[in-house]
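Q: Sharing a structure here in structure tokens format.
Residue numbers (the working numbering): 17 to 458.
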């Protein structure tokens with residue numbers, strides 16, 4: 017209905033009056049307070065110019081000194097390492113004159129794989145991206161891997177069989193979609209009765225995801241990696257959690273993510289999804305994780321405040337990942353107390369040896385091996401899965417990991433293999449590599 021002209025005029029006048037009022041308020045505010053804002057910005061610039069503000073020198077110094085200790089071991093391992101041609105790259109350093117960061121190295125790897133996939137239909141990347149193929153590889157090489165209760169492709173999916181597995185399996189267990197790469201692709205059940213009761217819902221969840229293809233849209237390498245994901249065949253598998261130990265806060269099993277470069281395990285990271293900072297005598301809980309190194313140290317990286325989301329401003333150094341991270345070994349830290357067991361019974365040594373065994377048989381010059389660990393030293397570490405395109409950051413360690421990864425492709429002093437996986441044991445040929453490869457089922 018059209019309002020009378022007089023009414024429209026009244027409403028227009030009211031809008032103009034209101035708009036003018038807020039304009040005057042804003043102008044007055046700016047005139048009165050601009051000096052305060054300018055002083056605040058100036059103060060921030062002065063503080064930002066203080067040496068060490070952008071770089072946490074304590075964290076960097078620790079990572080640098082650790083790398084100095086480890087680089088000779090990596091060099092020795094690299095000379096004996098057998099790299100599969102699928103992982104071989106052209107020199108990313110332009111003759112040693114260019115530094116390459118972690119993201120760039122992953123991008124170079126995925127770009128090559130995408131080209132090979134399109135040109136030769138080579139799907140060797142499935143050893144990581146397809147969790148069903150990954151589990152077969154781990155079982156073939158003989159490391160302690162999780163046993164599989166059930167495995168289905170979309171072509172042979174059977175609700176009745178799936179329900180039977182849930183009914184008769186040992187618990188706790190994990191239901192994992194093999195072709196989707198996010199946490200939403202995993203469901204953990206510790207309660208058997210709850211799982212059986214939810215069988216129909218779980219089956220519907222699986223069927224919902226079967227036709228989906230993962231889109232890694234948040235990553236800079238999305239265009240290449242999505243080519244690889246589209247080549248995967250959907251699958252789902254069910255396997256147990258054998259360690260029986262769980263993170264108190266998150267309810268997830270203890271799992272060390274071990275980075276291996278040129279056959280040498282460099283560090284293990286345990287994502288606790290919470291952190292601790294002592295404040296006025298109390299432990300506060302922002303987010304972070306725990307790093308275990310080859311020298312037996314287990315350190316906590318404290319993030320305070322929670323996180324600086326400034327990566328977009330400083331992409332070359334991932335400032336937002338590193339700021340305010342202070343490593344500590346404070347014995348009063350409750351989480352360090354919880355994970356002190358990692359130092360007992362040579363658990364870390366066995367975890368690192370297991371990760372190296374996987375890397376050698378895979379022929380991958382860089383791989384992250386995710387391993388379930390237990391408080392019971394008698395229980396062997398259990399390999400869960402691997403990652404060949406992990407965007408995870410390990411604080412300042414990441415810089416040195418990337419440096420070692422790239423340097424091997426510049427030096428090109430490793431052996432090469434171009435055949436089916438796994439790499440034959442007879443090709444490993446060194447005492448160091450064979451020792452790692454002997455981490456097999458008893």
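By construction, the Cβ of each residue, glycine as well, lies at the ideal position given by its N, Cα and C atoms.
For clarity, every value in this text was computed on a predicted model and none was experimentally measured.
Going by CA-CA distance only, name the one from 368, 377 and 357 that's closest to residue 392.
A: Of the listed residues, the one whose Cα sits closest to residue 392 is 357.
Q: Give me the Cα-Cα distance between residue 379 and residue 370, rounded to the nearest whole angstrom.
A: Distance between the alpha carbons of residue 379 and residue 370 is about 14 Å.
Q: Counting only runs of 4+ residues fully inside the stretch 164-189, write out the alpha helix (DSSP H) ranges in chain order.
A: The stretch 164-189 contains these whole alpha helix (DSSP H) runs: 175-184.
Q: Decide if residue 148 is buried, meaning its Cβ has at least 16 other Cβ atoms within 10 Å, or exposed.
A: Residue 148 is buried by the Cβ-count criterion.
Q: Among all the DSSP beta bridges, which residues are the ones paired with residue 412?
A: Paired residues: 410.
Q: Cα separation between residue 203 and residue 124?
A: Cα to Cα, residue 203 sits roughly 32 Å from residue 124.
Q: Quick one: using the 10 Å Cβ neighbour count with 16 as the cut-off for buried, is residue 425 buried or exposed?
A: Buried, since its Cβ has 16 or more Cβ neighbours within 10 Å.
Q: In whole angstroms, what is the alpha-carbon distance linking residue 306 and residue 314?
A: In a straight line, the C-alpha of residue 306 is about 7 Å away from that of residue 314.
Q: If you draw a straight line from the C-alpha of residue 172 to the C-alpha of residue 219, how long is it?
A: The straight-line gap from Cα to Cα measures roughly 14 Å.
Q: Please look up how many angstroms separate the CB atoms of residue 418 and residue 118, rounded, as I've assumed it's under 8 Å.
A: 4 Å between Cβ atoms; contact.
Q: Which residue comes first and which comes last in the alpha helix (DSSP H) that contains residue 133?
A: Looking at the DSSP string, the run of the alpha helix (DSSP H) that includes residue 133 is 118-136.
Q: Could you pull the DSSP bridge partners for residue 218 from this structure?
A: According to DSSP, which records beta bridges pairwise, residue 218 is partnered with nothing at all.
Q: Thinking C-beta only, is residue 101 closer than 7 Å to residue 434?
A: Yes, Cβ-Cβ distance for residue 434 and residue 101 is below 7 Å.
Q: Where residue 61 and residue 283 are concerned, what is the direct C-alpha to C-alpha distance, given to the nearest angstrom?
A: About 36 Å.
Q: If you draw a straight line from the C-alpha of residue 187 to the C-alpha of residue 214, how long is it?
A: Each residue's alpha carbon lies about 15 Å from the other.
Q: For residue 375, which residues from the same chain have a beta carbon less than 6 Å from its beta carbon, with the 5 sequence-adjacent residues on both sides left out?
A: Here the set comprises 276, 279 and 383.
Q: State the Cα-Cα distance for the pair residue 408 and residue 308, rounded to the nearest angstrom.
A: If I take the Cα positions, the gap works out to 15 Å.
Q: Could you give the first and the last residue of the continuous beta strand (DSSP E) run that contains residue 286?
A: Looking at the DSSP string, the run of the beta strand (DSSP E) that includes residue 286 is 280-287.
Q: Mind the definition here: the stretch 159-166 touches the stretch 267-274 only if three or more C-beta pairs lie below 8 Å; say whether that holds.
A: No contact exists between the stretch 159-166 and the stretch 267-274.
Q: Hey, residue 281 and residue 368: beta-carbon distance below 7 Å or not?
A: In this structure, residue 368 lies closer than 7 Å to residue 281 by Cβ.
Q: Residue 98 and residue 396: beta carbons closer than 7 Å?
A: Taking 7 Å as the Cβ cut-off, residue 98 and residue 396 do not qualify as a contacting pair.
Q: Shortest alpha-carbon distance to residue 107 belongs to which of 312, 420, 226 and 196?
A: Selected option, being the one with the closest Cα: 420.
Q: Within the continuous alpha helix (DSSP H) that includes residue 245, where are the two ends?
A: Note, residue 245: alpha helix (DSSP H), 238-246.
Q: Between 205, 197 and 180, which lies nearest to residue 189 when the distance is taken from Cα to Cα?
A: Ranking the options by Cα distance to residue 189, first place goes to 205.
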